[in-house]
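**Student:** Protein chains in written order, with my numbering: chain A, 1 to 351; chain B, 1 to 351. Don't be surprised by glycine CBs; every beta carbon is placed ideally from N, CA and C. If you scroll down you'll find the structure; I have some questions about it.
In structure tokens:
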């Protein structure tokens, strides 16, 4: 088997799970996955189905490195801290440079650390296939998810020519639609959710980055010439801060001619809200998700979460009540995607 | 002026302000009074309008003595801890014994420490009058409050013969009524709320206690023979635990022939719920009470309280959201009198 690698992207700072998620404990470090695992730990379990630990690289923010290392302790994977946040294109380019620096030209998978996937066997089979394609062809593979609801909060991929079973060219990447458009795309059937998971060979990604975004690609090509771990880390310190902050979609995938989409056979959820998370949790007889140190007294269809303190909901319906990270949130379930408004209000108050 | 005394009853363990109130920090120690004072500190301010500090006795539970002493620090009042909780009759009897032990037979006022009174001048004038009556007549004076709403959560006093302006015999003490009865009593006009505030001479109370409840009165009469502070405290330790736990209303006032009611001219609120407390707080332009470390984002008529952590409510109406004492509560404003159901659920869960 070739020396496949996996890049786990664990630098996110999502605020949708405030007060549980905080800048110092973002979503990927919360125990939102089955079995009480963090999303990062569950992602690592999947990564280790694709590659041995010495070829798994976890990229995160520098200040999150200690927390991430605690979470992956004993797994033997490599954790690197980004000195500043630069979105996915520089991060993925660094991973390509890291692979190339070790000689060879392995295929590698890119896995965001804050998504939820429950069918791990289907995940492994799909990635096995995609990595095999990536090893044979000079293509950029994105993973698309068949929509199950009209979701305005996600990016979409419009399918182009069919090349094989569940393997298409990409006709076009689509920005987050309005709800009506999302409903039309759901009915149409030729649009998939853009999952942010990818597979490609290191040299193919590096070539595409150089061609589409040379200001990012050329410096990272130089980084690939530093095969020693210490030299690599030092070069990263110097190069990373001057790179443009941009997603791999904007920088490369929307422009490159050789982008394909694999339609996943596994489930996938980016759990962008309390409600999305609750869909994966067991409910009591009255439809409540009661998680951790929490009670729902005479409630229906509520989400009550206590982590580090008791959360109590009394005689409510369709409400989210959270006590976590020392903070308290109460809102309607339907409003849970708008929790960012609370973070914004708190920042405004702090100023 | 005679050596008037004041007894402040500060042993309550009310759970209606959970999670702010806890067994170790009950309602009287919460900053629920105007000016950010605790209810106990505000009660002490009123007590000191009636008597000098050396004649003010604060009775509380033994384990609350340190917290109470912190709250009354520097005021020069006496704090005594009850070894076990025995309701109001033994506590008031101890105060009578304490007065008698020091020689003389002073009138003393009894003030619960967890009520809210804003018109302190009217309070002082009313008590001045009541204590003057108590010094002249061998009567037991209770303070009645003219109802302003049909309140099922309170005891009532039915007025008997009028003796003077706002001074009546008591026809009957009435248990907590149902809402319809409370409405009828409100319309009738001859029923007052039983406030739990009293005025009487030490010997008159002691005689009534001996006559109505000798099992309590006789041992306390013996306590009155211990004039030394240390001897008094030691005797209290031995006597108190064997006394019956019963309220002064049940033990004495419902049976004694010499009970009168003074109709107060001051406001009074036992603030038995979050909503009752909020009536005394300033509101923002959309009717929200936002207290402490709290934000109400796009909310109307909510009560949002943060003490020791942030509380955030998002797009809610008529809700109580509390982060205090490390716990979180969310309920409708109308359900706030039923918070005890949460404490009960937590106790049941702990078993």
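#1: Tell me whether the beta-carbon of residue 5 (chain B) lies closer than 8 Å to the beta-carbon of residue 150 (chain B).
#2: Taking 8 Å as the threshold (C-beta atoms), are residue 182 (chain B) and residue 152 (chain B) in contact?
#3: Return the chain-ordered list of same chain residues with a C-beta closer than 7 Å to the C-beta of residue 162 (chain B), the five sequence neighbours on each side being excluded.
#4: Should residue 285 (chain A) be flagged as near chain B, meaning a C-beta pair shorter than 8 Å?
#5: Out of B:43, B:302, B:86, which has the shortest C-alpha to C-alpha gap to residue 114 (chain B)?
#6: Is DSSP giving residue 129 (chain B) helix, strand or coil here?
#7: With distances taken from CA atoms, which of A:179, A:313, A:156 is nearest residue 170 (chain A)?
#8: Taking DSSP as the reference, what is the three-state secondary structure of residue 1 (chain A)?
#9: Can a CB atom of chain B be found closer than 8 Å to the CB of residue 311 (chain A)?
#10: Three-state secondary structure (DSSP) at residue 266 (chain B)?
#11: Buried or exposed, going by whether 16 or more other CB atoms sit within 10 Å of the CB of residue 136 (chain A)?
#12: DSSP three-state call for residue 174 (chain A): helix, strand or coil?
#13: Suppose you measure from the CA of residue 234 (chain B) to the CA of residue 299 (chain A); what does that come to, to the nearest Å?
#14: If I'm right that residue 82 (chain B) touches residue 61 (chain B) with Cβ under 8 Å, what's the distance once you round it to whole angstroms?
#15: Can you pull the chain A neighbours of residue 315 (chain B), defined as C-beta to C-beta under 7 Å?
#16: Do you know how far the Cα of residue 63 (chain B) is from the Cα of residue 33 (chain B)?
#17: For residue 82 (chain B), name the three-state secondary structure that DSSP assigns.
#18: Using only the alpha-carbon positions, how far apart do residue 201 (chain B) and residue 94 (chain B) sit?
#19: Relative to the alpha-carbon of residue 12 (chain B), which residue among B:225, B:49, B:91 has its alpha-carbon at the smallest distance?
#20: Quick check: is the beta carbon of residue 346 (chain B) nearer than 8 Å to any beta carbon in chain A?
#21: What are the start and end residues of the beta strand (DSSP E) that includes residue 198 (chain A)?
#22: Measuring CA to CA, which of B:295, B:246, B:108 is closest to residue 213 (chain B)?
#23: Helix, strand or coil, according to DSSP, for residue 77 (chain A) in the structure here?
#24: For the region 273-297 of chain B, enumerate the residues whose C-beta is nearer than 8 Å to any C-beta of chain A, in chain order.
#25: Taking only the alpha-carbon atoms, compute the straight-line gap between residue 249 (chain A) and residue 289 (chain B) and give it to the nearest angstrom.
#26: Taking any Cβ of chain B, which residues in the region 19-41 of chain A have a Cβ under 9 Å from it, in chain order?
#27: Indicate whether at least one CB of chain B lies closer than 8 Å to the CB of residue 1 (chain A).
#28: Can you pull the chain A residues whose beta carbon is under 9 Å from the beta carbon of residue 326 (chain B), in chain order?
#29: Taking 8 Å as the cut-off, decide whether the C-beta atoms of residue 57 (chain A) and residue 40 (chain A) are in contact.
#30: Counting pairs of Cβ atoms below 8 Å between the region 62-76 of chain B and the region 335-350 of chain A, do you hit three or more?
#31: On a Cα-Cα basis, can you pick out the residue from A:86, A:100, A:292 that is closest to residue 324 (chain A)?
#32: Give the residues of chain B in contact with residue 338 (chain A), contact being defined as C-beta atoms less than 7 Å apart.
#33: I want to know whether the region 324-335 of chain A touches the region 303-315 of chain B - three or more CB-CB distances under 8 Å.
#34: Tell me where the alpha helix (DSSP H) around residue 373 (chain B) begins and ends.
#35: Taking 8 Å as the threshold (C-beta atoms), are residue 130 (chain B) and residue 141 (chain B) in contact?
#36: Run the CB neighbour count on residue 165 (chain B), radius 10 Å, all protein chains shown included, and call it buried at 16 or more, exposed below.
**Tutor:** Per the coordinate set shown:
#1: Indexing the second chain from 1 puts residue 5 (chain B) at position 5. Indexing the second chain from 1 puts residue 150 (chain B) at position 150. Not in contact: residue 5 (chain B) and residue 150 (chain B) (Cβ atoms no closer than 8 Å).
#2: Counting from one through the second chain, the residue named residue 152 (chain B) turns up at place 152. Counting from one through the second chain, the residue named residue 182 (chain B) turns up at place 182. A contact, by the Cβ cut-off of 8 Å.
#3: In the second chain, residue 162 (chain B) corresponds to position 162, counting from 1. These residues qualify, in order along the chain: 168.
#4: As a position in the first chain, residue 285 (chain A) is number 285, starting the count at 1. For residue 285 (chain A), the answer is no, since every Cβ of chain B falls outside 8 Å of its Cβ.
#5: Position 114 of the second chain, counted from the first residue, corresponds to residue 114 (chain B). Ranking the options by Cα distance to residue 114 (chain B), first place goes to B:43.
#6: As a working note, residue 129 (chain B) is residue 129 in the second chain. Helix, per DSSP.
#7: What you label residue 170 (chain A) is simply residue 170 of the first chain in a count that begins at 1. Out of A:179, A:313, A:156, A:156 has the C-alpha closest to the C-alpha of residue 170 (chain A).
#8: On the first chain, position 1 is the one that residue 1 (chain A) refers to. Because residue 1 (chain A) carries a pLDDT of 43, less than 50, the predicted location of this residue cannot be relied on, and no value is offered for it.
#9: Taking the first residue of the first chain as position 1, residue 311 (chain A) is located at position 311. For residue 311 (chain A), the answer is yes, since a Cβ of chain B falls inside 8 Å of its Cβ.
#10: Numbered from its first residue, the second chain carries residue 266 (chain B) at position 266. If DSSP states are grouped into helix, strand and coil, residue 266 (chain B) belongs with coil.
#11: Walking along the first chain from the start, residue 136 (chain A) turns up at place 136. Looking at its Cβ environment, which holds fewer than 16 other Cβ atoms inside 10 Å, residue 136 (chain A) is exposed.
#12: Here residue 174 (chain A) corresponds to residue number 174 of the first chain, with the count starting at 1. Looking at residue 174 (chain A) - three-state DSSP - the assignment turns out to be strand.
#13: Against the second chain, residue 234 (chain B) aligns to sequence position 234. Against the first chain, residue 299 (chain A) aligns to sequence position 299. Spanning the two alpha carbons is a distance of roughly 50 Å.
#14: For this step, residue 82 (chain B) is matched to residue 82 along the second chain. For this step, residue 61 (chain B) is matched to residue 61 along the second chain. Indeed they touch by this definition, with Cβ atoms about 6 Å apart.
#15: For the purposes of this step, residue 315 (chain B) is taken as residue 315 along the second chain, with counting starting at 1. Per Cβ cutoff of 7 Å: 331, 332, 335.
#16: The residue given as residue 33 (chain B) occupies position 33 in the second chain. The residue given as residue 63 (chain B) occupies position 63 in the second chain. Taking the straight line joining both Cα atoms gives about 23 Å.
#17: Within the second chain, numbered from 1, the residue matching residue 82 (chain B) stands at position 82. Looking at residue 82 (chain B) - three-state DSSP - the assignment turns out to be strand.
#18: Counting from one through the second chain, the residue named residue 201 (chain B) turns up at place 201. Counting from one through the second chain, the residue named residue 94 (chain B) turns up at place 94. Straight-line Cα distance between these residues: approximately 13 Å.
#19: For the purposes of this step, residue 12 (chain B) is taken as residue 12 along the second chain, with counting starting at 1. Selected option, being the one with the closest Cα: B:91.
#20: Position 346 of the second chain, counting from 1, holds the residue named residue 346 (chain B). Chain A contact via Cβ: present.
#21: Position 198 of the first chain, counted from the first residue, corresponds to residue 198 (chain A). Residue 198 (chain A) -> beta strand (DSSP E) spans 191-201.
#22: Residue numbering aside, residue 213 (chain B) sits at position 213 when the second chain is read from its first letter. Closest option to residue 213 (chain B), Cα to Cα, is B:246.
#23: Looking up residue 77 (chain A) in the first chain gives position 77. Coil at residue 77 (chain A), not helix or strand.
#24: 295, 297
#25: The sequence position of residue 249 (chain A) within the first chain is 249, counting from 1. The sequence position of residue 289 (chain B) within the second chain is 289, counting from 1. Residue 249 (chain A) and residue 289 (chain B): Cα-Cα distance of roughly 46 Å.
#26: 19
#27: For the purposes of this step, residue 1 (chain A) is taken as the residue at position 1 of the first chain. Only weak support is given to the placement of residue 1 (chain A): the predicted model assigns it a pLDDT of 43, under 50, and the value that follows is read from those uncertain coordinates. Output row for residue 1 (chain A): interface = no.
#28: The residue labelled residue 326 (chain B) in the question sits at position 326 within the second chain. What residue 326 (chain B) touches in chain A: 308, 309, 310, 323, 326.
#29: Translated into the one-based positions of the first chain, residue 57 (chain A) becomes position 57. Translated into the one-based positions of the first chain, residue 40 (chain A) becomes position 40. In this structure, residue 40 (chain A) does not lie closer than 8 Å to residue 57 (chain A) by Cβ.
#30: no
#31: Counted from its first residue, the first chain places residue 324 (chain A) at position 324. The shortest Cα separation from residue 324 (chain A) among A:86, A:100, A:292 belongs to A:292.
#32: Position 338 of the first chain holds residue 338 (chain A). Here the neighbours are 314.
#33: yes
#34: The shown model of chain B, from 1 to 351, leaves out residue 373 (chain B), and the question about it has no answer.
#35: The residue you call residue 141 (chain B) lines up with position 141 of the second chain. The residue you call residue 130 (chain B) lines up with position 130 of the second chain. Yes, the pair counts as a contact, with Cβ atoms nearer than the cut-off.
#36: If you number the second chain from 1, residue 165 (chain B) lands on position 165. The residue is exposed, with fewer than 16 neighbouring Cβ atoms inside 10 Å.
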